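S.K.:
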Amino acid sequence: MRVGVLMGGVSSEREISLRSGRAVLEALRRKGVDAIPLEVGEDLVQRVLEAKIDVAFVILHGRLGEDGTVQGLLELLGIPYTGSGVLASALAMNKVKAKMIFKASSIPTPDFVPLEGAKAAPFPLPWVVKPASEGSTIGVTVVEREEDLGKAVELARRYDQEVFIERFIPGKELTVAVVDGRAFEVVEVAPKTGIYDYRAKYTPGMTDYLIPATVPEQKREEAKALALRAYEALGCWGCARVDMRVEEGGRIWVLEVNTIPGMTETSLVPKAAAYEGVSFDDLVLQMLKGASLKVRR
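Written as structure tokens, this is what we have:
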């Protein structure tokens, strides 16, 4: 079985995808898998066709890689692939659509409003202005004053014309990895600068990751249950990561689901797996086996 590790892509998260892809490739090879790197860009279709792979390990982030596009291509080609299918990928990538599903499923998610022009939100400051379809906190701004909204919207629209405003939830940042329907222990994300931005995410030493999270066990179990509900509501498959915040009073809010979470040395899913006794190499192999079990034609 020949496995192609799809990495790179054309989104703003290309460099993170390459780092994740190289780590996955090395893990597969250590496990004795015949794996080849497929560093793709605009030539994605040609590269996949020429490689003659049996299975695709998709570690692309952002547009055209995480939004159902590549998944649809692989479906048409009859190539099994890791991770969620076309619909779940598309829904999770668009945070507005995902939040609509969360609300319809009675999954607590912060109030939000899609933005048309730089108008105020119908809930109190501070606000979080986000591109609808970006990852790695790219283009995200916390707005403390209404007069700063315009600049935040301008930044977000550099990455996506669809922008929304979300109510800011003060408290702790939590994340839960879900692999094949199993929720791992809750991770607390504690950036030393106070803001979990792109630098804090991908620069070693800038963020502390506490496992288990410093919240009561009952709340950790609640977070895991909510993660599974969000995963299932979107129809996810394989590995995903559910990001949340917990208020001081203990209420937990689901922010988003990442269907292709990072697999770098600072990434959260490998950290959660290690706490559960699952090595990085074993985690990668488990993700690959998930693709082998379900070919979506």
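Residue numbers (numbering that gives the first Met the number 0): 0 to 296.
We put the beta carbon where it would ideally sit given N, CA and C, even for glycine.
Values in this document were obtained by computation on a predicted structure and should not be read as measured data.
1. Indicate whether Glu12 and His60 have their beta-carbon atoms separated by less than 7 Å.
2. On the DSSP bridge list, what partners appear for Met1?
3. Got a sec, what are the start and stop residues for the alpha helix (DSSP H) Ala199 sits in?
4. May I ask you to verify whether the region 82-92 touches the region 229-240, counting CB pairs closer than 8 Å and requiring at least 3?
5. Would you identify the three-state DSSP class for Arg244, choosing helix, strand or coil?
6. Under 7 Å between C-beta atoms, does Leu90 make it to chain B?
7. Quick check: the Cα distance between Val294 and Gln70, rounded to an integer number of angstroms?
8. With a CB to CB cut of under 7 Å and the five nearest residues on each side skipped, what residues in its chain are close to Ala97?
9. Is Phe183 helix, strand or coil by DSSP?
10. Do you know offhand how far Gly3's Cα is from Val54's?
11. Could you give the residue range of the alpha helix (DSSP H) that holds Glu255?
12. Could you tell me which of Glu216, Leu227 and Val186 sits nearest to Asp207, measuring between CA atoms?
13. Distance check for Ile168 and Gly193, CA to CA, integer angstroms please.
14. My understanding is that Leu37 touches Ala50, with C-beta atoms under 8 Å, so please give their C-beta distance in whole angstroms.
15. According to DSSP, is Tyr230 part of a helix, a strand, or is it coil?
16. Alpha helix (DSSP H) containing Lys98: first to last residue?
17. Among Val127, Val47, Val178 and Pro113, whose alpha-carbon lies nearest the alpha-carbon of Leu73?
18. Using a Cβ-Cβ cutoff of less than 8 Å, which residues in the same chain neighbour Ala222 once the five nearest sequence positions on both sides are dropped?
M.R.: With the structure as the only source:
1. Taking the first residue of the sequence shown as position 1, residue 12 is located at position 13. Taking the first residue of the sequence shown as position 1, residue 60 is located at position 61. Closer than 7 Å, so yes.
2. The count along the sequence shown starts at 1 and reaches residue 1 at position 2. In the sequence on display, residue 1 carries Arg and not Met. Note: Arg1 sits in a beta bridge opposite Asp33.
3. The residue labelled residue 199 in the question sits at position 200 within the sequence shown. Residue range Tyr197 to Tyr201 is occupied by the alpha helix (DSSP H) that includes Ala199.
4. Note that the region 82-92 touches the region 229-240; at least 3 beta-carbon pairs, one per stretch, sit closer than 8 Å.
5. Start at 1 with the first residue of the sequence shown, and residue 244 comes out as number 245. Arg244: strand per DSSP, three-state reduction.
6. The displayed structure is made up of one protein chain only, and chain B is not part of it.
7. For the purposes of this step, residue 294 is taken as the residue at position 295 of the sequence shown. For the purposes of this step, residue 70 is taken as the residue at position 71 of the sequence shown. Confidence at Val294 is low in this model, with a pLDDT of 45, below 50, so the placement of that residue is unreliable and no value is reported for it.
8. Here residue 97 is taken as the residue at index 98 of the sequence shown, counted from 1. Only Leu90, Ala91, Leu233, Glu255 and Val256 meet the Cβ criterion.
9. As a working mapping, residue 183 is identified with position 184 in the sequence shown. Coil.
10. Your numbering for residue 3 matches position 4 in the sequence shown. Your numbering for residue 54 matches position 55 in the sequence shown. Using only the alpha carbons, I get a separation of about 6 Å.
11. Sequence index remark: in the sequence shown, residue 255 carries index 256 (1-based). Glu255 -> not in any alpha helix (DSSP H); beta strand (DSSP E) instead, spanning Ile251 to Asn257.
12. On the sequence shown, residue 207 is found 208 positions in, with the first residue counted as 1. Residue nearest to Asp207 within the set Glu216, Leu227 and Val186 is Val186 (criterion: CA-CA distance).
13. Numbered from 1 along the sequence shown, position 194 holds the residue referred to as residue 193. Numbered from 1 along the sequence shown, position 169 holds the residue referred to as residue 168. Each residue's alpha carbon lies about 14 Å from the other.
14. Residue 37 sits at position 38 when you count from the first residue of the sequence shown. Residue 50 sits at position 51 when you count from the first residue of the sequence shown. Indeed, because the Cβ distance is near 6 Å, the residues count as touching under 8 Å.
15. Walking along the sequence shown from the start, residue 230 turns up at place 231. Here Tyr230 sits in helix by DSSP.
16. As a first step, residue 98 must be located in the sequence shown, where it is residue number 99. Counted as a single uninterrupted DSSP element, the alpha helix (DSSP H) harbouring Lys98 occupies residues Lys94 to Ala103.
17. Your numbering for residue 73 matches position 74 in the sequence shown. Residue Val47 is the option with its Cα nearest to Leu73.
18. Within the sequence shown, numbered from 1, the residue matching residue 222 stands at position 223. Correct list, in chain order: Leu173, Val175, Val185, Ala212, Val214, Met243, Val245 and Ile251.
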